[in-house]
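What follows is a short report on a single structure.
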Amino acid sequence: MMLALSILIPAAAAALIAACHRRPNLREAVSLAAAAGLFACVASLGGDVLRGARPSLAAGEILPGFALAFELEPLGCLFALVASGLWFVSGVYSIGYMRGNDERHQTRFYVCFALAIAGAIGVALAGNLLTLYLFYEFLTFVTYPLVTHHGDEPARRGGRTYLALLLVSSMLFLLPAMAITWWIGGSLDFAPGGILAGKLSGPAAAGLAALYAFGIGKAALMPLHRWLPAAMVAPTPVSALLHAVAVVKAGVFSIVKVVVYVFGIGFGAEAFAWLPWVAGFTIIAASIVALRADNLKRRLAYSTVSQLAYVVLAAAILTPLSIVGAALHIAAHALGKITLFFAAGAIYTAAHKTEVSQLDGLGRRMPWTFAAFAIGALSMIGLPPAAGFVSKWFMVSGALAAQHWFALAVLVASTLLNAGYFLPIVYRAFFVPALPDDARHGEAPWPMVAALVATAALTVAMFVWADVPLALARRLA
Amino acid sequence: MSAVAAHFSYWVTLFLMIAGLYILIARGNLMKKLIGLGVFQTSVYLLYIAPGKLVGGTAPIVAAGFTTYSNPLPHVLILTAIVVGVATLALGLAITVRIREAYGTIEEDEILERDRTGER
Amino acid sequence: MVEHLPALQVVLPLVAAPLIVLARSPRFAWLATTAVSYACLVIAALLATRVATLGAFSYALGSWAPPWGIEYRVDALSAFVLVAVALTASFVAPYARRSIAAELDADRQYLMYAMYCLCLAGLLGITVTGDAFNLFVFLEISSLASYVLIALGRRRQALVAAFQYMLMGTVGATFYVIGVGLLYLVTGTLNLADLAERLRGVEDLRPVLAALAFITVGIGLKLALFPLHQWLPNAYAYAPSMATAFLAATATKVSVYVLLRFYFTVFDPAALFDRLPTRETFLALSVAAMILASLVAVFEREVKRLFAWSSVAQIGYITLGIGLENHAGLTGSIAHLLNHGVTKGAIFLLLGGVALRSGAASISVGSLAGLGRRMPLTAFGLVIAGLSLIGVPGTAGFVTKWFLILGAIEREAWWVVGAILASSLIAVAYVWRLVEAAYLRAGQGTRREAPAGMLAAGLAMAGLCVYFGFFTSINVAGASDAASFLLRGAR
């Protein structure tokens, strides 16, 4: 019941938002109310999951023998909690951003936003691979109008890259991977212990694993990461919620799901033995690109690429500790990165600055924004008192337990690189004197500041009270 | 030689068939194309009718003194096919007339030319 | 009463046509056409349920017992195709009134309806008959009617397109009769079931092989099997909107049905597929169609012709199942008869609305600019149907693609898997040209949707694309039954 509601709330919200398109206040109220309702719904489900329940639901028949099946397990629960909770926060933020920047087509924006959340929740709750794929592709198509929101030439071009890479990967690799799984394993239901264990071996298993890992293009493994920077043409709330939380997390979430429930932890280690290397390369390479990027959103995008690869790396090591780390990092990175994007959007709205080199001295004019930015940066680096520390701790422990020295080296190196591209921004903002600037401005509109302070606070809170996400994550491994 | 003589009707059929198709493909005049189509279809009538006729056979009506009958079914089938052929020809001619009204020509290359230039 | 349904199915539209000509009133013509279309849908549904519960059954026309008399035979495959054709008809008929009124002079409208009824009668007749020669007659009834439907298009190019189609179609039909004639010479029968029996053991005789070749090429012309598809793009591009929608959704599909029937129930599939390069031929031709025709569509500027090329590609999907020759592949193919019918039907119905409002005789991709503002519902419906064309999960097109991929994997034909996926990616390219034009480019004109009846029909069909993607008990279950039926004789 609650499960059906979780999908229906955002979908119904989309319809209602479309219906109220002449009354902006009502429209945004609907959007916020739906987000709050959804969060309550997922939270109550989360209580059940913590007690060991696995609520499930099946409807329709996508293919003979395949229902549209939903089943909530701990990882999905964590992802759904993060997505729905942050939807509310970014709903508040969007109001400030969209009105502050006089964006056009605001109704379309809110409708697609709600639909994207419905897609993300669908991915989180999917009970079989086909349902997951359905919502995964749905997510691609409903976020396209958001990416191309501005409707100008850069938006069209970004949209093309976005769509092309995501569809090429999912159609060319993921779809045949599923068909092969069905052909070999005779099932696509997520099963503890995996579908494929014992039915495949050696290079064939590694090949199928590669089809999955690259087929799930939303996880942005190199060389299929280019869509993510391309998606930065979107308005910042979209970059914040979708391209730091919902869409990309749907990608890494799917990879973790496939590793754990399709291959199985034991068998997966064999099939995915190569994956830590690709993920490690992605982490380092993306960090280096981020280091050189001057555009703030571009730097954040490449940071996302590298942070997503953390999750993939941790999942691919396949020790219980590192799986916990992967699950936690899905939440921790979401909180931290959304804060950073919110800050970037606030800077753009208040000061119309988009480049890192323009940020000198802005910290004194926008103290709240830059304080939150600093906390988000700490979380990315993995330092206390931010949530990133917790997840990184588990990842490092997992790498040690598995004696995977390459993974360990990557984690250490990337921490330094992260510090290298985030701390200078904070330093510039607070300690470099401002350029003689004619623009007199303070903070961004209050809903935006409230939202980014809230997510920064959550980042710290997740460090202090780590036990709830930890309990969920531990149920997984 | 006997192979040719014994299968005389097939050779004629084959000749008509190929001749008809050739006219249909090689000629640019729509009328000639229709004529080719007609010849081509006629060859099929022959293909059906010829094997149904026995030398010395009569119409299949049981009567004293007759023991060999021709097969009536092909005749009936071909009656139907002829009707279809006539209908096709009629439609083809009608469309040709309309094309002539619209383009002022029934030469294929001129029609294509006029479509390209947009000339009436 | 129930036992007469197979005949009634054909007789109703056949009788309606002359009545419409006699009455000459557009209003009566429309009412009669719509009534007949709905009646056919009801009858087809009744027949399909009867086949599903009681199995195949036959009807002796005029009580002349087969194989001497003409037999009408309804089995899992023909019931499925009947439903597909009648379903399309029941959407096109209500749509026709405004569309025809906008595109034809009042004194010629009744002709369009009459031809549409004749065409429907022919298509249903092909599907239901169990007699090879009777099939030819129905084939020509439907074809002649469709030549006229196309020739009634607004531009003069329609005449040339119809003429070319007529030449190629007649050659195709004549090839088919030649093939049937050769079979008749060998076996002395025209009843399809009887033919199948008498052909066992003589498959390698030269006349039988020649017959196979003639029938394949003949029907290949009718169904636009690559590379016999040249008539199709012009015919679809210049025909009146309603005719394009109807023909694109049904005519080629019924021809595929004929091919399936001959390949799997008349000729011995064991001999056909194991001793002749049938599999390779169909795989190669289908893949060529899927890739090349899709590529042409990417560079086409005229929207109706773009989707006509897409039809050639999609027919490649349908014939692919013949080359795969296994249950999953055939299920995909047969399901695609319906899935693609619904998808293309929706697209052409909606495009008809666009053409009506723009007032231009042809719609270029550029002229779709701003369609998302001008006609939001139409544009949305086009996007949904476009997604189904691509094969996005949750749409009818995905179901087909899934089964075809499974079929190819079962054959371990990996290059075919790659081709299916590549073709759907190319489909993204041509569909997305329209999406970008409709939503991301500014256009002129005020907001004005298509007339309600036309819009409703188009959107309902687009809705079916989604419905068949989520609830597959009609399309896939029926197709799967039909595939089992076809393969039962084979192995």
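From first to last, the protein sequence lines stand for chains A, B and C.
Quick note: the first sequence uses the numbering used here, first residue 1, plus one each step.
Quick note: the second sequence uses the numbering used here, first residue 1001, plus one each step.
Quick note: the third sequence uses the numbering used here, first residue 2001, plus one each step.
For every residue, glycine included, the Cβ atom is placed at its ideal position computed from N, Cα and C.
Small disclaimer: the values here were computed from a predicted structure and weren't measured.
(message) With a threshold of 8 Å on Cβ separation, who are the neighbours of residue 2128 (chain C) within its own chain once the five nearest residues in sequence on each side are excluded?
(response) Against the third sequence, residue 2128 (chain C) aligns to sequence position 128. Hits under 8 Å: 2006, 2009, 2010, 2072, 2073, 2074, 2078 and 2082.
(message) Strictly under 9 Å for the Cβ-Cβ distance: is residue 1031 (chain B) near chain C by that measure?
(response) Within the second sequence, numbered from 1, the residue matching residue 1031 (chain B) stands at position 31. With its beta carbon at least 9 Å from every one in chain C, residue 1031 (chain B) lies outside the interface.
(message) Counting only beta-carbon separations shorter than 9 Å, does residue 54 (chain A) have a partner in chain C?
(response) To locate residue 54 (chain A), count along the first sequence from 1; it is residue 54. Not an interface residue.
(message) Is the beta carbon of residue 109 (chain A) closer than 9 Å to that of residue 119 (chain A)?
(response) Counting from one through the first sequence, the residue named residue 119 (chain A) turns up at place 119. Counting from one through the first sequence, the residue named residue 109 (chain A) turns up at place 109. No. Outside cutoff.
(request) Establish whether the CB of residue 2253 (chain C) and some CB of chain A are separated by less than 9 Å. (result) Translated into the one-based positions of the third sequence, residue 2253 (chain C) becomes position 253. Answer no: the Cβ-Cβ gap between residue 2253 (chain C) and chain A never drops below 9 Å.
(request) Compute the Euclidean distance between the alpha carbons of residue 452 (chain A) and residue 372 (chain A), then round it to the nearest angstrom. (result) What you label residue 452 (chain A) is simply residue 452 of the first sequence in a count that begins at 1. What you label residue 372 (chain A) is simply residue 372 of the first sequence in a count that begins at 1. Cα to Cα, the separation comes out at about 7 Å.
(request) Taking only the alpha-carbon atoms, compute the straight-line gap between residue 398 (chain A) and residue 409 (chain A) and give it to the nearest angstrom. (result) As a working note, residue 398 (chain A) is residue 398 in the first sequence. As a working note, residue 409 (chain A) is residue 409 in the first sequence. One C-alpha to the other measures close to 13 Å.
(message) Based on DSSP bridge pairs, tell me the residues matched to residue 110 (chain A).
(response) By one-based count along the first sequence, residue 110 (chain A) stands at place 110. Per DSSP, residue 110 (chain A) has no beta-bridge partner at all.
(message) I need the straight-line Cα distance from residue 2050 (chain C) to residue 2004 (chain C), nearest angstrom please.
(response) For this step, residue 2050 (chain C) is matched to residue 50 along the third sequence. For this step, residue 2004 (chain C) is matched to residue 4 along the third sequence. Each residue's Cα considered, the two are about 13 Å apart.
(message) For a contact defined as C-beta to C-beta under 9 Å, what are the partners of residue 1040 (chain B) on chain C?
(response) On the second sequence, position 40 is the one that residue 1040 (chain B) refers to. Here the neighbours are 2170, 2171 and 2174.
(request) With DSSP as the reference, label residue 1057 (chain B) as helix, strand or coil. (result) Position 57 of the second sequence holds residue 1057 (chain B). Reduced to three states, the DSSP call for residue 1057 (chain B) is coil.
(request) Out of C:2210, C:2429 and C:2132, state which residue places its alpha-carbon closest to the alpha-carbon of residue 2295 (chain C). (result) Translated into the one-based positions of the third sequence, residue 2295 (chain C) becomes position 295. Just measuring C-alpha positions, the residue of C:2210, C:2429 and C:2132 sitting nearest residue 2295 (chain C) is C:2429.
(message) For a cutoff of 9 Å on Cβ pairs, would you count residue 62 (chain A) as touching chain C?
(response) In the first sequence, residue 62 (chain A) corresponds to position 62, counting from 1. Interface residue, yes.
(request) Within the same chain, show all residues whose beta-carbon is closer than 7 Å to that of residue 2490 (chain C), passing over the 5 residues directly before and after it, in chain order. (result) Taking the third sequence and counting its residues from 1, one reaches residue 2490 (chain C) at position 490. Low confidence applies here, because residue 2490 (chain C) scores a pLDDT of 45, under 50, leaving its location unreliable and the question unanswered by this model.
(message) Does chain D have any CB closer than 9 Å to the CB of residue 1105 (chain B)?
(response) The chain inventory of the structure shown lacks chain D, comprising the protein chains A, B and C.
(request) Can you have a look at residue 1025 (chain B) and say buried or exposed, based on whether 16 or more other CB atoms are within 10 angstroms of its CB? (result) As a working note, residue 1025 (chain B) is residue 25 in the second sequence. That one is exposed.
(message) Could you check whether the Cβ of residue 2064 (chain C) sits closer than 9 Å to any Cβ belonging to chain A?
(response) Along the third sequence, one-based indexing puts residue 2064 (chain C) at 64. No, because no Cβ of chain A sits closer than 9 Å to the Cβ of residue 2064 (chain C).
(message) Classify residue 1018 (chain B): buried if its beta carbon has 16 or more other beta carbons within 10 angstroms, exposed otherwise.
(response) In the second sequence, the residue the question calls residue 1018 (chain B) occupies position 18. Counting Cβ neighbours within 10 Å, residue 1018 (chain B) comes out exposed, since fewer than 16 surround it.
(message) Within 10 Å of its beta-carbon, does residue 2473 (chain C) have 16 or more other beta-carbons around it, so buried, or fewer, so exposed?
(response) Residue mapping note: residue 2473 (chain C) aligns to position 473 of the third sequence, counting from 1. Exposed.
(request) From the DSSP output, read off the bridge partner residues of residue 2079 (chain C). (result) Taking the first residue of the third sequence as 1, we reach residue 2079 (chain C) at position 79. Within the DSSP secondary-structure output, residue 2079 (chain C) pairs in no beta bridge.
(request) With DSSP collapsed to three states, give me the class of residue 2490 (chain C). (result) As a position in the third sequence, residue 2490 (chain C) is number 490, starting the count at 1. Note that residue 2490 (chain C) scores a pLDDT of 45, beneath 50, so its modelled location is shaky; the value from the coordinates is reported in the next line. Residue state, collapsed to three classes: coil.
(message) Is there a C-beta anywhere in chain A that falls below 9 Å from the one on residue 2466 (chain C)?
(response) As a working mapping, residue 2466 (chain C) is identified with position 466 in the third sequence. For residue 2466 (chain C), no CB of chain A lies under 9 Å from its own CB, so it is not counted at the interface with that chain.
(request) Assign residue 2227 (chain C) to one of two classes, buried (16 or more other C-beta atoms within 10 Å of its C-beta) or exposed (fewer than that). (result) Within the third sequence, residue 2227 (chain C) is the residue found at index 227, counting from 1. With fewer than 16 other beta carbons inside 10 angstroms of its own, residue 2227 (chain C) counts as exposed.
(message) Against chain C, which members of the stretch 1079-1110 of chain B pass a CB distance test of less than 8 Å?
(response) For the stretch 1079-1110 of chain B, which is checked against every Cβ of chain C, the residues closer than 8 Å are 1080, 1081, 1084, 1087, 1088, 1091, 1092, 1095, 1096, 1098, 1099, 1102 and 1103.
(message) Let me see if you follow: with CB-CB separation under 9 Å, is residue 223 (chain A) close to chain C or not?
(response) Mapped onto the first sequence, residue 223 (chain A) falls at position 223. No, residue 223 (chain A) lies away from the interface with chain C (no Cβ there is under 9 Å from its Cβ).
(message) Tell me which residues of the stretch 120-143 of chain A have at least one Cβ-Cβ distance to chain C shorter than 8 Å, keeping chain order.
(response) Within the stretch 120-143 of chain A, 130, 133, 134, 137, 138 and 141 place their CB atoms closer than 8 Å to a CB of chain C, listed in sequence order.
(message) If I measure Cβ to Cβ from residue 28 (chain A) and keep anything under 6 Å in the same chain, skipping five residues before and after, which residues do I get?
(response) Counted from its first residue, the first sequence places residue 28 (chain A) at position 28. Leaving aside the five residues that flank residue 28 (chain A) on each side, the residues in its chain whose CB is nearer than 6 Å to its CB run, in chain order, 95.
(request) Would you verify that the beta carbon of residue 2302 (chain C) is, or is not, closer than 9 Å to some beta carbon of chain A? (result) The residue labelled residue 2302 (chain C) in the question sits at position 302 within the third sequence. It does not: the Cβ of residue 2302 (chain C) has no partner Cβ on chain A nearer than 9 Å.
(message) Can you give me the C-alpha to C-alpha distance between residue 2471 (chain C) and residue 2338 (chain C), rounded to a whole angstrom?
(response) Here the question's residue 2471 (chain C) lines up with position 471 in the third sequence. Here the question's residue 2338 (chain C) lines up with position 338 in the third sequence. When rounded, the separation of the alpha-carbon atoms in residue 2471 (chain C) and residue 2338 (chain C) is 14 Å.
(request) Verify whether the separation of the beta carbon atoms of residue 2167 (chain C) and residue 2144 (chain C) is less than 9 Å. (result) Position 167 of the third sequence, counted from the start, is the residue given in the question as residue 2167 (chain C). Position 144 of the third sequence, counted from the start, is the residue given in the question as residue 2144 (chain C). Taking 9 Å as the cut-off, the beta carbon of residue 2167 (chain C) is found no closer than this to the beta carbon of residue 2144 (chain C).
(message) Between which two residues does the alpha helix (DSSP H) holding residue 2158 (chain C) run?
(response) Counting from one through the third sequence, the residue named residue 2158 (chain C) turns up at place 158. 2157-2187 is the extent of the alpha helix (DSSP H) around residue 2158 (chain C).
(request) Mind checking the stretch 2395-2412 of chain C against chain B and listing, in chain order, the residues whose C-beta falls within less than 7 Å of any C-beta there? (result) Within the stretch 2395-2412 of chain C, no residue has a Cβ that lies closer than 7 Å to any Cβ of chain B.
(request) Compute the distance between the beta-carbons of residue 514 (chain A) and residue 194 (chain A), then report whether it is under 9 Å. (result) Within the shown structure, residues of chain A are numbered from 1 to 477, placing residue 514 (chain A) beyond reach of any answer.
(message) Let me check one thing: in DSSP terms, what residues is residue 2073 (chain C) bridge-paired to?
(response) For the purposes of this step, residue 2073 (chain C) is identified with residue 73 of the third sequence, where counting begins at 1. Looking at the DSSP assignment, residue 2073 (chain C) forms a beta bridge with C:2058.
(request) Report the residue from C:2040, C:2178 and C:2160 whose alpha carbon sits nearest the alpha carbon of residue 2232 (chain C). (result) As a position in the third sequence, residue 2232 (chain C) is number 232, starting the count at 1. For residue 2232 (chain C), the closest of C:2040, C:2178 and C:2160 by C-alpha to C-alpha distance is C:2160.
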